[in-house]
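Asks: End of the sequence shown = 661 in the working numbering, gap-free, step of one. Here a beta-carbon is modelled for each residue, glycine too, at the ideal position from N, C-alpha and C. Got a structure for you, written out below as structure tokens; questions coming shortly.
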Amino acid sequence: MTRLHALDLPATDAADWVRDRAAEGLSAARAGADALVRRGVTSTREALVAWDEVGHRIGGVAAIAELYANVHPDETVRELADRVAQDAEKLSTALDLDRDLYEVLSGLDAAEVADDPEATRVLERTLRDFRRAGVDRDDDTRARIARLREELTVLDQDFSKAIRDDVRSIRVEPARLDGLPQDWLDQHPVEDGLVTVTTEYPDFVPVRTFAHDADLRRELTLVYQNRGYPENDERLRELFAKRHELATLLGYADWPSYDAEVKMIGSGPAIPEFIEKITAAAEEPMRRDLVELLARYREDHPDATEVQSPDSTYYEEILRKEKYDVDAQVVRTYFAFARVHDGLLSVTGRLFGLTYTPVEEVGTWHEDVTSYDVHRTDDGALLGRIHLDLHPRAGKYNHAAQFTLAQGVAGRQLPEGVLVCNFPRGLMEHSDVVTLFHEFGHLLHHVLGGQGHWSRFSGVATEWDFVEAPSQMLEQWAWDAAVLAEFAVDEAGTPIPADLVARMVAAHDYGKGIAARTQMYYAAISYYFHAERPGDLAARAQELQARYSAYPVLEGTHFYASFGHLGGYSSAYYTYMWSLVIAKDLFSAFDPDDLLDTEVAGRYRDRVLARGGADDAAQLVADFLGRPYTFDAYAAWLAR
């Protein structure tokens, strides 16, 4: 068997490498599509393999472009990558609307692959994709569709770039930083009598959590929630309008209806129904949370009738400390970044039968990046390569996400994925640890699901509203005392006490009603901004916050302008809660007293993760659970 190799990434001359990879990949894709039309096909399977290769080539170029646009330190490389992504989308659109190509593929004999469920699924999905692209529309409509898709690509890129590049800061007197951890203070020197505090996560989260100065918390929240504003306001309205036009040209009522058709939820109107279902389920837990929080808030603000949003995280932390004896400043002493990093690899390696081998001689886009080959432990088989880019820097994507570098296909391409996060280099908040486990869940899904024969179903290729379930489930391991004891130790080497972890879990349960309603606020913005396309986004956002969120509007803020999920997730932010419902049910199959049980983990790996998108997500879950998933586990957890 031919050994597959990872991509030969450039240590220097990244622009030339990206340009050359794009030219090669897009040229090969064009040639492959032309050959299908020009020479015809001798068999259904041969045609499907050839078409899958075309998609694989375009997807490979798009993946490299998206990654480098978000991580490369050189702005010229990032701008080049954006242009390459536009070229890839332009070719993809042209092929999707190519009637000659469609005639070839729609004329394939499905009976020839009737004995192969995955090939049959490829054919069905291919014809569905052509229909949804608008290949059956008239010439003028198809031309307009092509222009809209090109314009939407640029709008989405510009929206994301405005968020990525808009790192704001405030300058404050050192005395106003009372309450912040000493290691944080040590990393923020006084210059000209003032300290610079930015809107990057390693600054924003500690200030919101620990700073005693309420005005400081408010000032930083104001600048944080105005990132991307005002430029993204008009850009978003244009984005929503063009998405709506595209959807209606394709015969749908609106963008959510078009987008939801191929997701588990099935239809646009089902989205607000789901939002209302979660909103109702979270009402009592949220009220219960707020009663406690407001009581504590009034000890310092006797006349308050509600907790102000800039104060929410700070007082939630106080409440957890006083009620559950959980001090986040003590907790963080057990989570030095290097130990958490190594512990994550150790735990997931043992759980899923994997070995991570450091790769030293590999070109990367920045010195912070570490790379590992992923092997199956029992036979040493090479499964993929992962790259971890985990600290903030200028020009870098400033949230947390898994990016594809290469889509895995058996015998053709080794899967490669990248974690792009923004964690501090020293001590981490426990919430950062949870985020790291979450994102690593995506990375495992990408690699383990990249062993099949079809690029179309490789990796995280399920319905989009399922993709968060595996990552959300892996978060549970960051809350387990036995798991944490393996790597969470303080400076003296003492493991985190089990009773402290138990109190952390109890404290974490506080606030889940508030958190669920916050998620529904985000989901409502995602849906209603697309369904209604309001002329005044700020006013509609305030209405939705009043309806769904636990906290009042902070006047003068424009959160939606930096709500990056309005790009990639569009109207489907409900995905996070939809996936969480499934994740809670998936987790019910594990023994909570032995989360390192490799038998259950192996079954989950093989029946869910390794299958990629080769079957419907609901079927993958049923194969693992032995039954269809239900709402019960989530409802019980929320009410607890």
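Note the first and the last residue of the continuous alpha helix (DSSP H) segment covering Arg397.
Replies: No alpha helix (DSSP H) holds Arg397; the beta strand (DSSP E) holding it covers Thr391 to Arg397.
Asks: Where does Val481 land, buried or exposed, given buried means 16+ other C-beta within 10 angstroms?
Replies: By the 10 Å Cβ count, Val481 comes out buried.
Asks: Determine the closest residue to Thr425 out of Leu311, Asp130 and His77, with distance taken between C-alpha atoms.
Replies: Here the closest residue by C-alpha is His77.
Asks: What is the DSSP secondary structure of Gly588, reduced to helix, strand or coil?
Replies: Helix at Gly588.
Asks: For Ala427, which of helix, strand or coil comes out of DSSP?
Replies: Residue state, collapsed to three classes: strand.
Asks: Run through DSSP, which three-state label would His93 get?
Replies: Coil, per DSSP.
Asks: Between Gly633 and Ser479, which are expected to be in contact by the criterion C-beta below 8 Å, what is the C-beta distance as a whole number of angstroms?
Replies: The pair is a contact, with the Cβ atoms about 5 Å apart (cut-off 8 Å).
Asks: Let me know the secondary structure DSSP gives Gly534 once reduced to three states.
Replies: Gly534: helix per DSSP, three-state reduction.
Asks: Within 6 Å: the Cβ of Thr230 and any heavy atom of the ligand GDP?
Replies: The ligand content of the structure shown is nil, which means the ligand GDP is not present either.
Asks: Helix, strand or coil, according to DSSP, for Val211 in the structure here?
Replies: Of the three classes helix, strand and coil, the one that applies to Val211 here is coil, per DSSP.
Asks: Rounded to whole angstroms, what's the CA-CA distance from Val58 to Leu126? Just pull it up for me.
Replies: Near 9 Å, if we compare the C-alpha coordinates of Leu126 and Val58.
Asks: Name the residue from Asp615, Ala562 and Phe611 whose alpha carbon lies nearest to the alpha carbon of Arg624.
Replies: For the residues Asp615, Ala562 and Phe611, the minimum Cα distance to Arg624 belongs to Phe611.
Asks: Mapping the DSSP letters down to three states, classify Tyr655 as helix, strand or coil.
Replies: Helix, per DSSP.
Asks: I need the DSSP call for Gln472, collapsed to helix, strand or coil.
Replies: Gln472: coil per DSSP, three-state reduction.
Asks: On the DSSP bridge list, what partners appear for Asp615?
Replies: Answer is none; Asp615 lacks a bridge partner.
Asks: Start and end of the alpha helix (DSSP H) containing Tyr597?
Replies: Taken as a continuous stretch (DSSP letters only), the alpha helix (DSSP H) holding Tyr597 covers Thr596 to Phe608.
Asks: Kindly identify the DSSP beta-bridge partner or partners of Glu437.
Replies: DSSP output for Glu437 lists Arg406 and Ala427 as bridge partner(s).
Asks: Please classify Arg192: is it buried, with 16 or more other beta-carbons within 10 angstroms of its beta-carbon, or exposed?
Replies: Exposed is the call here.
Asks: For Ser392, count neighbouring Cβ atoms within 10 angstroms of its own Cβ and tell me buried if that reaches 16, exposed if not.
Replies: By the neighbour-count rule (16 or more Cβ atoms within 10 Å), Ser392 is buried.
Asks: Of all Cβ atoms in chain D, is any one closer than 7 Å to the Cβ of Asp34?
Replies: No chain D appears in the structure shown, which is made up of a single protein chain.
Asks: Following the continuous beta strand (DSSP E) through Ile191, name the residue where it begins and the one where it ends.
Replies: Looking at the DSSP string, the run of the beta strand (DSSP E) that includes Ile191 is Ser190 to Val193.
Asks: My output table needs one value for Leu129: the three-state DSSP class, helix, strand or coil.
Replies: It is coil, neither helix nor strand.
Asks: Which residues bound the beta strand (DSSP E) around Leu375?
Replies: It spans Leu375 to Pro379 - the beta strand (DSSP E) in which Leu375 sits, taken as one unbroken run.
Asks: Taking the alpha-carbon positions, what's the Asp73 to Ala115 distance?
Replies: Between Asp73 and Ala115, the C-alpha separation is close to 16 Å.
Asks: Starting from the Cα of Glu266, find the closest Cα among Ala638, Trp276 and Gly81 and give me that residue.
Replies: Nearest of Ala638, Trp276 and Gly81 to Glu266, Cα basis: Trp276.
Asks: Apply the 10 Å Cβ neighbour rule to His662 and answer buried if 16 or more other Cβ atoms are within range, or exposed otherwise.
Replies: In the structure as shown, the chain starts at 22 and stops at 661, and residue 662 therefore has no counterpart that could be examined.
Asks: Spatial neighbours of Phe608 within its chain, please: CB distance less than 7 Å, with the 5 preceding and 5 following residues excluded, ordered by chain position.
Replies: Excluding sequence neighbours, Phe608 sits near Met494 and Gln497.
Asks: Just to check my reading of the structure: Thr578 and Asn247 have Cβ atoms closer than 8 Å, yes? What is that Cβ distance to the nearest angstrom?
Replies: Right, their Cβ atoms sit about 6 Å apart.
Asks: Just verifying my parser: in three-state terms, what is the DSSP assignment at Ala357?
Replies: DSSP places Ala357 in strand when its eight states are reduced to three.
Asks: Report buried or exposed for Ala196, applying the criterion of at least 16 other Cβ atoms within 10 angstroms of its Cβ.
Replies: The residue is exposed, with fewer than 16 neighbouring Cβ atoms inside 10 Å.
Asks: Given a cut-off of 7 Å on the beta-carbon distance, is the pair Glu489 and Ala638 in contact?
Replies: It is not a contact, given that the beta carbons lie outside the stated cut-off.
Asks: By the DSSP assignment, the alpha helix (DSSP H) with Val347 in it spans what residues?
Replies: Note, Val347: premise wrong, no alpha helix (DSSP H); not H, not E.
Asks: Applying the criterion that 16 or more other CB atoms from any shown protein chain within 10 Å of the CB defines a buried residue, is Thr378 buried or exposed?
Replies: Counting Cβ neighbours within 10 Å, Thr378 comes out exposed, since fewer than 16 surround it.
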